[in-house]
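This report concerns only the one structure given below.
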Ligand code: XIL
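Residue numbers (mature numbering (1 follows the signal peptide of the UniProt record, and there is no 0)): 11 to 324.
Right under this line is the structure:
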């Protein structure tokens, strides 16, 4: 039976999963991770707190473990993430910085990390979650200290360090057309006009049954492809209030089917990544009280209706 990766490859797409280091002792989990997918994202191992725990002291152990596993399984890797307001090391958040200081810190972090993984990363989420829901810039330490130009700088520095890696901006709640995805559409055009290296927009796609399906997803993907940008669904899950029941799982399956079809319908939507593949290791229960059951495999690693819906769509 062909895997999700096999089916996606027939369309020139990939089908991926996030994973995290602690899970890699679970052999049955690892078996599915290594066989069903052709793209891997480290869920935490390449974030700033993990890779530069002290200023100027770099730790590649977690990211390397996942890159090495992926390579052994002939899988590509999405690097996640270089610049983000969350999961920063204490040394960075625990003091104030002048603009020249923070600019130097940011440049060194990006260039050192991208250089370390040079040639091993298909695409980097260079900046993660840069906008608020209303399309204004999120007031992160980077924005407040450096202004909006930190995004162009980050892209340029990453490009210098690995000219072959695709460079993405990545965010949630930008699956449909709205103020937040409009902000990316506008920023992408500005960056292109300035000659800044940008290859794609990552739509995290952390969906929730209670908020409804983003019916303008396909139109949204299309408008970015008209800018000659790739798109990807980078962190897909579809959460619900638990316990799950047959009706909720059926709706969830429809949403997974619809997302897969939307990506396949748009040439430059290059692939889909699940934010881990099994409910056993989903981030949802820890972050959204009362919610869960968001992934296509259940906690026993058994495929759910969503898994079969994805297969049907591919
Ligand atoms: C999550 C991880 O899955 C968790 O293990 C961690 O505790 C918090 O971050 N958007 C992102 C991801 O871009 O990096 C987040 O990952 C989920 C939301």
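Don't be surprised by glycine CBs; every beta carbon is placed ideally from N, CA and C.
>> Quick check on this structure: which residue in 81, 282, 104 and 310 has the alpha carbon closest to the alpha carbon of residue 320?
In response: Counted from its first residue, the chain shown places residue 320 at position 310. For residue 320, the nearest C-alpha among the options comes from 282.
> Taking the alpha-carbon positions, what's the residue 291 to residue 77 distance?
Replying inline: Walking along the chain shown from the start, residue 291 turns up at place 281. Walking along the chain shown from the start, residue 77 turns up at place 67. Their Cα atoms are separated by approximately 19 Å.
> Nearest CA to the CA of residue 268: which residue from 322, 91 and 280?
Replying inline: Residue numbering aside, residue 268 sits at position 258 when the chain shown is read from its first letter. Of the listed residues, the one whose Cα sits closest to residue 268 is 322.
> Can you tell which of 41, 59, 39 and 211 has its C-alpha closest to the C-alpha of residue 278?
Replying inline: Start at 1 with the first residue of the chain shown, and residue 278 comes out as number 268. Closest option to residue 278, Cα to Cα, is 211.
> Whose CA, out of 92, 46, 17 and 67, lies closest to the CA of residue 54?
Replying inline: For this step, residue 54 is matched to residue 44 along the chain shown. Nearest of 92, 46, 17 and 67 to residue 54, Cα basis: 92.
> Per the contact definition of three or more C-beta pairs closer than 8 Å, is the segment 98-111 in contact with the segment 58-71?
Replying inline: yes
> Taking C-beta to C-beta, are residue 164 and residue 137 nearer than 8 Å?
Replying inline: For the purposes of this step, residue 164 is taken as the residue at position 154 of the chain shown. For the purposes of this step, residue 137 is taken as the residue at position 127 of the chain shown. Cβ distance < 8 Å, so residue 164 and residue 137 count as in contact.
> Does ligand 1 have even one heavy atom less than 7 Å from the beta-carbon of residue 53?
Replying inline: Looking up residue 53 in the chain shown gives position 43. Flag set: Cβ of residue 53 near ligand 1.
>> DSSP has residue 180 in a bridge; who is on the other side?
In response: By 1-based counting over the chain shown, the position of residue 180 is 170. Note: residue 180 sits in a beta bridge opposite 138 and 212.
> Residue range of the alpha helix (DSSP H) that residue 103 falls in?
Replying inline: The residue you call residue 103 lines up with position 93 of the chain shown. Segment 100-103, the alpha helix (DSSP H) holding residue 103.
> Count the other CB atoms within 10 Å of the CB of residue 27; is the residue buried (16 or more) or exposed (fewer)?
Replying inline: The count along the chain shown starts at 1 and reaches residue 27 at position 17. Classification for residue 27: buried.
>> If you follow the alpha helix (DSSP H) that residue 266 is in, where does it begin and where does it stop?
In response: If you number the chain shown from 1, residue 266 lands on position 256. Note, residue 266: alpha helix (DSSP H), 256-275.
> Buried or exposed: which applies to residue 191, given that a residue is buried once 16 or more other Cβ atoms fall within 10 Å of its Cβ?
Replying inline: Working through the chain shown from its first residue, we reach residue 191 at position 181. Classification of residue 191: buried, given that the 10 Å Cβ count is 16 or more.
>> Any heavy atom of ligand 1 closer than 7 Å to the beta-carbon of residue 30?
In response: Residue 30 sits at position 20 when you count from the first residue of the chain shown. Within the cutoff, so yes.
> Helix, strand or coil: how does DSSP classify residue 289 here?
Replying inline: Here residue 289 corresponds to residue number 279 of the chain shown, with the count starting at 1. In the structure shown, residue 289 sits in a helix (DSSP, three-state: H, G or I).
> Between residue 61 and ligand 1, is the CB less than 7 Å from at least one heavy atom?
Replying inline: Locating residue 61 in the chain shown gives position 51, counting from the first residue. In this structure, the C-beta of residue 61 stays at least 7 Å away from each heavy atom of ligand 1.
> For the 8 Å Cβ check, are there 3 or more pairs between the segment 131-146 and the segment 179-198?
Replying inline: yes
>> Quick check on this structure: which residue in 66, 305 and 214 has the alpha carbon closest to the alpha carbon of residue 259?
In response: Counting from 1 along the chain shown, the entry for residue 259 is found at position 249. The shortest Cα separation from residue 259 among 66, 305 and 214 belongs to 305.
>> On the CB-based measure, 16 or more other CB atoms within 10 Å of its CB, does residue 135 come out buried or exposed?
In response: Walking along the chain shown from the start, residue 135 turns up at place 125. Buried, by the Cβ-count rule.
>> Considering only heavy atoms of ligand 1, does any lie closer than 7 Å to the CB of residue 95?
In response: Translated into positions along the chain shown, residue 95 becomes position 85. Checking every heavy atom of ligand 1 against the Cβ of residue 95, none is found closer than 7 Å.
> Does the Cβ of residue 183 lie closer than 7 Å to at least one heavy atom of ligand 1?
Replying inline: One-based indexing of the chain shown puts residue 183 at position 173. It does not: the Cβ of residue 183 is nowhere closer than 7 Å to a heavy atom of ligand 1.
> Cα-Cα, which of 249, 265 and 41 is closest to residue 293?
Replying inline: In the chain shown, the residue the question calls residue 293 occupies position 283. That would be 249, whose Cα lies nearest to the Cα of residue 293.
>> Can you check which of these residues, 129, 324, 273 and 262, is closest to residue 308 by C-alpha distance?
In response: For this step, residue 308 is matched to residue 298 along the chain shown. Per the Cα distances, 262.
>> Does residue 44 come out as helix, strand or coil in the three-state DSSP assignment?
In response: Position 34 of the chain shown holds residue 44. Three-state DSSP puts residue 44 in a helix.
>> Do residue 172 and residue 216 have their beta-carbon atoms positioned less than 8 Å apart in this structure?
In response: Taking the chain shown and counting its residues from 1, the one referred to as residue 216 is at position 206. Taking the chain shown and counting its residues from 1, the one referred to as residue 172 is at position 162. In this structure, residue 172 does not lie closer than 8 Å to residue 216 by Cβ.
>> According to DSSP, simplified to helix, strand and coil, what is residue 6?
In response: An answer regarding residue 6 cannot be provided, because it is not within the stretch 11 to 324 covered by the chain.
> Would you report the Cα separation of residue 47 and residue 106, rounded to the nearest angstrom?
Replying inline: To locate residue 47, count along the chain shown from 1; it is residue 37. To locate residue 106, count along the chain shown from 1; it is residue 96. If you take the alpha carbons of residue 47 and residue 106, they lie about 42 Å apart.
> What residues are listed by DSSP as bridge partners for residue 64?
Replying inline: Counting from one through the chain shown, the residue named residue 64 turns up at place 54. Its beta-bridge partners are 67.
>> Tell me the residue span of the beta strand (DSSP E) that contains residue 282.
In response: Position 272 of the chain shown, counted from the start, is the residue given in the question as residue 282. It spans 279-284 - the beta strand (DSSP E) in which residue 282 sits, taken as one unbroken run.
> Among the residues of its own chain, which have a CB less than 6 Å from the CB of residue 180, if the five just before and after it don't count?
Replying inline: Reading the chain shown from its first residue, position 170 is the one you call residue 180. Within the same chain, residue 180 has close Cβ partners 135, 138, 212 and 244.
> What residue does the alpha helix (DSSP H) around residue 160 start on, and which one ends it?
Replying inline: As a working note, residue 160 is residue 150 in the chain shown. Taken as a continuous stretch (DSSP letters only), the alpha helix (DSSP H) holding residue 160 covers 159-171.
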